[in-house]
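Chains as they are written, first to last, in our numbering: chain F, 1 to 163; chain X, 164 to 498. What follows is a set of notes on a single structure, which appears directly below.
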Amino acid sequence: MTNFKLPDFTLPAALARLGSKLPQLPPTLALVTGLNLALGRLLPREPLEPLIGKRFSIRVLDAGMTLRFTYGTRGFRPIFAATAPDLTISARSRDFIALLMREEDPDTLFFNRRLLMEGDTDLGLLVKNTLDGIDLPRFDAARLSPAELLHRLRARLATPHSA
Amino acid sequence: MSSAFELVCPAGGLPALKTAVDHGANCVYTGFRDETNARNFTGLNFDDASLKTGIAYAHQRGVKVLVALNTYPLSDNWVKWTAAVDKAAAFGVDAVILADPGLMEYAHRTHPQLRLHLSVQGSATNYEAINFYRERFNIQRAVLPRVLSMAQVEQVVQNTPVEIEVFGFGGLCVMVEGRCALSAYATGTSPNCNGACSPGKAVRYEETPAGMETRLNGILIDRFGKDERAGYPTLCKGRFEVDEETYYAIEEPASLNTLELLPELMKIGVCAIKIEGRQRSPAYVTQVTKVWREAIDSCRRDPEHFVAKAAWMAELNKVSEGQSATLGAYNRPWK
Chain F
1 MTNFKLPDFT LPAALARLGS KLPQLPPTLA LVTGLNLALG RLLPREPLEP
51 LIGKRFSIRV LDAGMTLRFT YGTRGFRPIF AATAPDLTIS ARSRDFIALL
101 MREEDPDTLF FNRRLLMEGD TDLGLLVKNT LDGIDLPRFD AARLSPAELL
151 HRLRARLATP HSA
Chain X
164 MSSAFELVCP AGGLPALKTA VDHGANCVYT GFRDETNARN FTGLNFDDAS
214 LKTGIAYAHQ RGVKVLVALN TYPLSDNWVK WTAAVDKAAA FGVDAVILAD
264 PGLMEYAHRT HPQLRLHLSV QGSATNYEAI NFYRERFNIQ RAVLPRVLSM
314 AQVEQVVQNT PVEIEVFGFG GLCVMVEGRC ALSAYATGTS PNCNGACSPG
364 KAVRYEETPA GMETRLNGIL IDRFGKDERA GYPTLCKGRF EVDEETYYAI
414 EEPASLNTLE LLPELMKIGV CAIKIEGRQR SPAYVTQVTK VWREAIDSCR
464 RDPEHFVAKA AWMAELNKVS EGQSATLGAY NRPWK
């Protein structure tokens, strides 16, 4: 198990000013692509059903980014309409990364005024608790050794594809 | 000193259960995904598959799994609670944590081998009440409400064969456990029967020019200045205007932290210490379990010279609700 701890950092203020003037589509596309790749694998579809048709906004405060997207039966996609989102989550980039790494508890960040969830709180709880409930595979560096990767590749190639 | 002193950690889901087990919990307490437990929040808790996996994971590592069924059934939904007791027993949990005497009677009669713990929601503050539950339903452990001073806890321990568990860390409320109607007054949903104090559907957070506002069913609960630490939007911890003064009129948002009382709690014969927070994430469970495991081990090795390390306190303060940590009722001078 690694003892790495994410350092506390805030991106330079100039970046927030610049970021807010840049197109928000590329980072939003990167986010929804990542989410869609995880969908059905790491992210279970069934508990996310109440999210269908809901509009989300992720505000990365120190990067000046506001990523707007929605969830539908075909997955996550960016949205462009300026209508009010159902749920907005705001935090610094460092804290979003720490949440993804399960290094920080969202309630702790909220108590410390580093995370704000506006809009439909129940929707926010569903998202938070669904993410918290995902039993991620334990990271094992040994599984990434060249010999292990080669072994897994061979095993996969030897397995006949199912329809 | 008590020969066994268990660390009882919260788990709102499988990853939290696993991290509690991995970091030194002796027991993990859980709940089903419905109103049969007092942390009935959207998306939280265990479905059947994840609880079975969690029980197997814990048992392989010598850790017990408890299931909280600590809300109060009504006549029209009684079977939901008895079905939950049956399911917990069938899954092989180590104990169920109950508050309702009717449900206790059902569990005792139907599953005589199933260990029963009296929940804090049962609000039993004296040994007569606890002994009554023992005599009638053979409860093995009682979780004390957070209203007793250390001397009162000791008096309970000395006068009952029932194991006594106390809260060691986490969020505090006004402690009329199982009988609080404040949240129900504001939201129309009873925490005692539905399992959620300040349910998500009634909660709103909003950043305004005057500060960050928290509302419960439209009622302004608090407004936090720029760098002020925030708390959950519960009615008991709101700031209200009383006699032209705005302040925490009922209770301040504070977290209980009894780390420094560990030697005394062990000495008087308390058998388990409970960490609040099934609604929190695996990160919280990891951080808090690690600190308490280390502290309990240190205290057991040398209770005379036990000191609550600054690093432990800092780690616990970091995850606390509100502006301060408190020893709660344990150290109050009056009785």
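Note that beta-carbon positions come from the ideal geometry of N, C-alpha and C, so glycine has one too.
- Interface with chain F (7 Å Cβ-Cβ cutoff): Gly-333 (chain X) is excluded.
- Pairwise C-beta distances place the stretch 281 to 290 of chain X in contact with the stretch 309 to 327 of chain X, as three or more of them are shorter than 8 Å.
- Apart from sequence neighbours up to five positions away, the residues of its chain that approach Gly-491 (chain X) with a beta-carbon distance below 6 Å are Arg-309, Leu-419, ordered along the chain.
- Shown here, Phe-9 (chain F) sits in coil according to DSSP, grouped into three states, outside any helix or strand.
- Residue-level contact by beta carbon holds for Thr-130 (chain F) and chain X, with a gap shorter than 7 Å.
- When secondary structure is reduced to three states using DSSP, Gly-388 (chain X) falls in the coil class, being assigned neither helix nor strand.
- In the assembly as shown, Glu-439 (chain X) is a buried residue. Its beta-carbon has 16 or more other beta-carbons within 10 Å.
- Between Ser-20 (chain F) and Arg-59 (chain F), the gap from beta carbon to beta carbon reaches 7 Å or more.
- In the DSSP assignment, Glu-298 (chain X) falls within the unbroken alpha helix (DSSP H) covering 290 to 300.
- Pairing Val-191 (chain X) with Ala-183 (chain X) gives a Cβ-Cβ distance under 7 Å.
- Under the criterion of beta carbons closer than 8 Å, Val-482 (chain X) and Val-329 (chain X) do not qualify as touching, at roughly 20 Å.
- In the DSSP assignment, Ser-90 (chain F) is bridged to F:Arg-59, F:Leu-116.
- Measuring C-alpha to C-alpha distances from Leu-180 (chain X) to each of X:Phe-168, X:Phe-204, X:Ala-473, X:Leu-214 identifies X:Leu-214 as the nearest.
- Going by beta carbons, Phe-76 (chain F) and Leu-35 (chain F) fall inside the 7 Å limit.
- For Arg-367 (chain X), the CB contacts under 7 Å within the same chain, skipping 5 residues up- and downstream, are Arg-378 in chain order.
- Under the Cβ distance rule, Glu-414 (chain X) does not count among the residues neighbouring chain F, no pair being separated by less than 7 Å.
- Residues of chain F whose Cβ lies closer than 7 Å to the Cβ of Arg-443 (chain X) are, in chain order, Asp-105, Asp-107.
- Val-256 (chain X) is positioned such that its CB atom lies closer than 7 Å to that of Val-228 (chain X).
- Neighbourhood of Arg-45 (chain F) in chain X, by CB distance below 7 Å: empty, with the nearest CB roughly 14 Å away.
- With fewer than 16 other CB atoms across the displayed protein chains lying within 10 angstroms of its CB, Thr-73 (chain F) is exposed.
- Residue environment: Lys-430 (chain X) is assigned as exposed (fewer than 16 neighbouring CB atoms within 10 Å of its CB, all protein chains considered).
- Contact of Arg-456 (chain X) with chain F by beta-carbon distance below 7 Å is absent, the smallest such distance being about 15 Å.
- Under DSSP, the beta-bridge partners assigned to Thr-193 (chain X) are X:Val-230.
- Within 10 angstroms of the beta-carbon of Arg-68 (chain F) lie 16 or more other beta-carbons, which makes it buried.
- Within the stretch 334 to 393 of chain X, the runs of beta strand (DSSP E) that reach at least 3 residues and sit entirely inside it are, in chain order, 366 to 371, 374 to 379, 382 to 387.
- Shown here, Met-476 (chain X) sits in a helix according to DSSP, grouped into three states.
- When the five nearest sequence neighbours on each side are left out, the beta carbons in the same chain lying within less than 7 Å of the beta carbon of Ala-247 (chain X) are those of Phe-195, Thr-199, Leu-232, in order along the chain.
- Tyr-235 (chain X) is positioned such that its CB atom lies closer than 7 Å to that of Asn-355 (chain X).
- According to the DSSP assignment, Arg-456 (chain X) belongs to the alpha helix (DSSP H) that extends over 445 to 464.
- Ranked by how close their Cα comes to the Cα of Leu-15 (chain F), the residues F:Thr-66, F:Asp-62, F:Ile-79 have F:Asp-62 in first place.
- Within the stretch 361 to 393 of chain X, Pro-362, Gly-363, Lys-364, Ala-365, Val-366, Arg-367, Tyr-368, Glu-369, Glu-370, Met-375, Phe-387, Lys-389, Asp-390, Glu-391, Arg-392, Ala-393 place their CB atoms closer than 9 Å to a CB of chain F, listed in sequence order.
- Of all residues in the stretch 472 to 487 of chain X, those with a C-beta nearer than 9 Å to a C-beta of chain F are Lys-481, Val-482, Ser-483, Glu-484, Gly-485, reading in chain order.
- For Gly-124 (chain F), the uninterrupted alpha helix (DSSP H) run begins and ends at 121 to 132, by DSSP.
- Remark: C-beta atoms of Asp-107 (chain F) and Arg-443 (chain X) approach each other more closely than 7 Å.
- With a cut-off of 8 Å on Cβ pairs, the stretch 259 to 275 of chain X is in contact with the stretch 296 to 311 of chain X, counting three or more such pairs.
- Using a 10 angstroms sphere on the CB of Thr-273 (chain X), the tally of other CB atoms stays under 16, which defines it as exposed.
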